[in-house]
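The block underneath contains the structure these notes are about, expressed in structure tokens.
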Amino acid sequence: MLNDKERNLAYKRAIKRGVEDGYNHVLDIGAGTGILSMMAADAGAEKVYACEASEIMFAVLQNVIKMNDKSVQAIQKFSTDLLIGQDLPEKKDNFAQEGNDASVTNSNNLDKSNINICRAKVIPYSADVYVVPVECEKLRRTFKLEDKVVQALGLKENVIPQYLDEEPYTSEKTSNLKLKYLSAPSCILQANFNSPQDVKLLLQGKALNSSFKCTERGNLDAFVMWFDLHLDDKDTISTSPKEASDQCCWEQAIFYVLPQCLEGASSFCNNGDDIDVEFLCRGHFQLKKVKLSNSVPINNFSQKLTMDPSLIYLLNSYIAGDIINLNLKDISPVDNASILDISTFPVLSLKFLKDSSNSVSVLKTLYQAEIEQLCDMYGVSHERLLFKSYEDFCNAKMQCDFLIVDPVESYGLLKKNLLEDITVLRMQCLKDTGLVVPGQVEIHAVLVESETLKEYSKIVSDDRVDGYKISQIMNAYQCKIHQDIQYSTLPHVKITEPFKLCNIDLNSNSESGTKSFFNNIHTAPEIEVTASGKVSAVIFWFSLHYHSTFVVNTSDPDGLWKQAACILDDEVQVQKGEKINLQYSLKNSCFQIGIAKH
Numbered sequence: 010m011l012n013d014k015e016r017n018l019a020y021k022r023a024i025k026r027g028v029e030d031g032y033n034h035v036l037d038i039g040a041g042t043g044i045l046s047m048m049a050a051d052a053g054a055e056k057v058y059a060c061e062a063s064e065i066m067f068a069v070l071q072n073v074i075k076m077n078d079k080s081v082q083a084i085q086k087f088s089t090d091l092l093i094g095q096d097l098p099e100k101k102d103n104f105a106q107e108g109n110d111a112s113v114t115n116s117n118n119l120d121k122s123n124i125n126i127c128r129a130k131v132i133p134y135s136a137d138v139y140v141v142p143v144e145c146e147k148l149r150r151t152f153k154l155e156d157k158v159v160q161a162l163g164l165k166e167n168v169i170p171q172y173l174d175e176e177p178y179t180s181e182k183t184s185n186l187k188l189k190y191l192s193a194p195s196c197i198l199q200a201n202f203n204s205p206q207d208v209k210l211l212l213q214g215k216a217l218n219s220s221f222k223c224t225e226r227g228n229l230d231a232f233v234m235w236f237d238l239h240l241d242d243k244d245t246i247s248t249s250p251k252e253a254s255d256q257c258c259w260e261q262a263i264f265y266v267l268p269q270c271l272e273g274a275s276s277f278c279n280n281g282d283d284i285d286v287e288f289l290c291r292g293h294f295q296l297k298k299v300k301l302s303n304s305v306p307i308n309n310f311s312q313k314l315t316m317d318p319s320l321i322y323l324l325n326s327y328i329a330g331d332i333i334n335l336n337l338k339d340i341s342p343v344d345n346a347s348i349l350d351i352s353t354f355p356v357l358s359l360k361f362l363k364d365s366s367n368s369v370s371v372l373k374t375l376y377q378a379e380i381e382q383l384c385d386m387y388g389v390s391h392e393r394l395l396f397k398s399y400e401d402f403c404n405a406k407m408q409c410d411f412l413i414v415d416p417v418e419s420y421g422l423l424k425k426n427l428l429e430d431i432t433v434l435r436m437q438c439l440k441d442t443g444l445v446v447p448g449q450v451e452i453h454a455v456l457v458e459s460e461t462l463k464e465y466s467k468i469v470s471d472d473r474v475d476g477y478k479i480s481q482i483m484n485a486y487q488c489k490i491h492q493d494i495q496y497s498t499l500p501h502v503k504i505t506e507p508f509k510l511c512n513i514d515l516n517s518n519s520e521s522g523t524k525s526f527f528n529n530i531h532t533a534p535e536i537e538v539t540a541s542g543k544v545s546a547v548i549f550w551f552s553l554h555y556h557s558t559f560v561v562n563t564s565d566p567d568g569l570w571k572q573a574a575c576i577l578d579d580e581v582q583v584q585k586g587e588k589i590n591l592q593y594s595l596k597n598s599c600f601q602i603g604i605a606k607h
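In terms of our numbering, the sequence shown has 23 at position 14, counting the first letter as 1, and numbering is strictly consecutive.
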């Protein structure tokens, strides 16, 4: 966000106009680095208070204020905990109450005497909230099981995603998604932050009803929401969808159309259909009801399986490489196999239970209720599926034929402690002839030049933050490994072709004879530069080998895995045809990579 120069300068102009209009006592709520506080001080405000609750950000705030030598008073509190006479020495004009043109807070600690003489202004002044119904297969796969999964698991009941009140929406840059607008966007709310009555109503709960006329045929999978933020009557910034190449820090909110919200059996829309929707704003937005003009009554299913949406997403990801249809006998034809499964959801073990009389030991998981539902559906006794901890596995001195794992998280990194856990479990619980499934994990990478990845990692220059000295302090906290990278849609220039970096054989012994994995720094073979430019990052992903003809690639743009990237401290200028070496390490399942001598 700090790299968004357009946003920063818009705030600067609005703050300057506000101070020039006489609003010269300023409270910056959630001050962060203090950039807006410093803008207020430079605009001539008499007093500036910067309120920041985070311990780390408060330290950053204090250092930035000192380095830039600005007259700003920093306060480490939530704004609602501020006390007049203690944190703020005088009755602040900012704390206007009823009968005035503005309000910034509703704290019970504030002295509300003489409130009618208060005069204040909130920046931003107001917001217009827009919503559009969309069709998007990738979003649908987040809350609806694919037919392939339903068939592979032998599900006969309707699967309903659990509705999570604490997380009613997600966010994503929709420019990274293949989606289709089913109608024109509509403004469902105009929020005036300078009206105490409006703010109070939006906190207590306000129903927002809107109707959309379909201009395209398609499946109603989600609603996308964004807003135009009016800083004052002259400057507006928008979180609306932009082209992937545009510099913009904003994502959009995504509300899935879950079956619980849909009044009807179908979510398919025809051209000319009406979509009636109800949102609730109670501090944040929730999607409550959706009705299509052509909807028919819902069939009453005798049984319904409920699943956490994150589990539905995970199961759909198993379609990549057709993991969902993998048969353990294709890997090793062991009769009466014994299985230890530490994957997030033991889909292969559940299928095994259906076709055998053996028991399976699985790792204790958040999804135990869903697993037991499937056992009931299969007629499998709960006693045959043993939920255990790592300590239980080791203490039981098991001797298993298969150790099943899912090595890569959906956000693109190896699972935490994965290799260490496999090392221990192979020694303690796996037969000498036993196999880890998948047996090999290859790491693949590509060198890129990407301004976007740089902006994720650090403040590119102080010019982005209006010349204030912030980058030196903030960039001390920069993160070098970034997850949730969508390589297929990331704006970048490819400096090399993708290459295989290394292979981790989960079934091999080390040179010392122990069942462990490398943790030293290794140098990769020379890589040829195919385009001149500046290498700013190394994007990496994995290939999972279940057997010779069964490989899953986590860079598949149609899959549900994201990729990860290692951001270089300094860009490296390279020329086409040049040969360069990479160095990498893998320790405690943490992977790092860089260019040798850089």
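Glycine residues also receive a C-beta, built at the ideal position from the N, C-alpha and C atoms.
Distance CB(residue i)-CB(residue j) smaller than 8 Å
i	j	result
SER265	PRO194	The sequence shown places Tyr at residue 265, not Ser. No, these two residues do not count as a Cβ contact at 8 Å.
ASP430	TYR465	no
VAL560	HIS554	yes
LEU45	ILE24	yes
MET316	VAL168	yes
VAL417	PHE551	yes
LEU148	ASN325	no
LEU301	GLY273	yes
LEU217	ILE197	yes
GLN408	LYS440	yes
VAL286	TYR327	no
GLN492	ALA573	yes
TYR477	ASN72	no
PHE361	LEU394	no
GLU451	LYS509	yes
ILE284	PRO142	yes
PRO318	GLN160	no
GLU181	GLU260	yes
GLY4	LEU70	No answer is possible for residue 4: it lies beyond the span of the chain, which begins at 10 and ends at 607.
VAL538	ILE490	no
LEU422	LEU383	no
Alpha-carbon spacing of residue i relative to residue j, whole angstroms
i	j	result
ASN203	GLY41	22 Å
PRO342	LEU162	21 Å
LYS209	VAL158	46 Å
LYS571	LYS543	24 Å
PHE236	ILE576	31 Å
MET234	ALA533	45 Å
ASN512	SER470	38 Å
ASP410	ASP230	42 Å
HIS501	LEU372	40 Å
TYR376	ARG16	42 Å
SER1	ASP30	Nothing in the structure corresponds to residue 1, since the chain is present only between 10 and 607.
GLU144	GLU392	43 Å
PHE354	ASN367	19 Å
THR648	ASP339	Nothing about residue 648 can be reported from this structure: the residues present for the chain run from 10 to 607 only.
ALA83	LEU92	14 Å
ASP110	ALA200	Any reading at ASP110 needs caution, since the residue's pLDDT is 37, under 50, leaving its predicted position unreliable; the model's value is listed next. Taking the straight line joining both Cα atoms gives about 14 Å.
GLU155	LEU212	38 Å
ILE132	LEU296	27 Å
ILE65	GLN601	25 Å
LEU595	TYR420	18 Å
VAL414	ALA19	50 Å
SER88	ASN484	26 Å
Proximity to residue i [Cα-Cα], best of the options
i	options	result
SER304	PRO318, ASN185 and SER276	SER276
PHE479	LYS75, GLU29 and GLY31	The residue asked about is misnamed: residue 479 is Ile in this sequence, not Phe. ILE479 has its Cα closest to that of LYS75, out of LYS75, GLU29 and GLY31.
SER80	TRP550, ALA62 and HIS34	HIS34
ILE589	ALA454, ALA605 and VAL143	ALA605
VAL299	CYS438, VAL356, ASN334 and SER219	SER219
LYS463	LYS440, VAL581 and ASP282	VAL581
ASN516	ASN529, MET483, THR442 and ILE468	THR442
VAL389	ASP364, PHE396, CYS258 and GLU506	ASP364
LYS397	LEU428, ILE468, LEU359 and ILE351	ILE351
beta-carbon residue i near the ligand ZN non-hydrogen atom, thresh 7 Å
i	result
LYS165	Ligands displayed in this structure: none; no statement on the ligand ZN is therefore possible.
Any chance you could list the beta strand (DSSP E) runs of at least 3 consecutive residues sitting entirely within the region 273-307, in chain order?
283-291 and 293-301
Could you check whether the region 34-48 touches the region 444-459, counting it as contact only if at least three pairs of C-beta atoms, one from each stretch, sit closer than 8 Å?
no
Any contact of the region 220-229 with the region 176-192, i.e. 3+ C-beta pairs under 8 Å?
yes
Report yes or no: do three or more beta-carbon pairs, one from the region 374-389 and one from the region 434-441, lie closer than 8 Å?
no
Could I get the ranges of all uninterrupted alpha helix (DSSP H) runs contained in the region 161-212, with 4 residues as the minimum, in chain order?
none
Only counting runs of 3 or more residues, tell me where the beta strand (DSSP E) segments fall wholly within the region 444-505, in order along the chain.
449-458 and 490-494
With a floor of 3 residues, list each beta strand (DSSP E) that falls wholly inside the region 212-259, ordered by position along the chain.
215-222, 231-239 and 245-247
Would you list, in sequence order, the uninterrupted beta strand (DSSP E) runs of no fewer than 3 residues that lie entirely inside the region 395-448?
409-413 and 439-446
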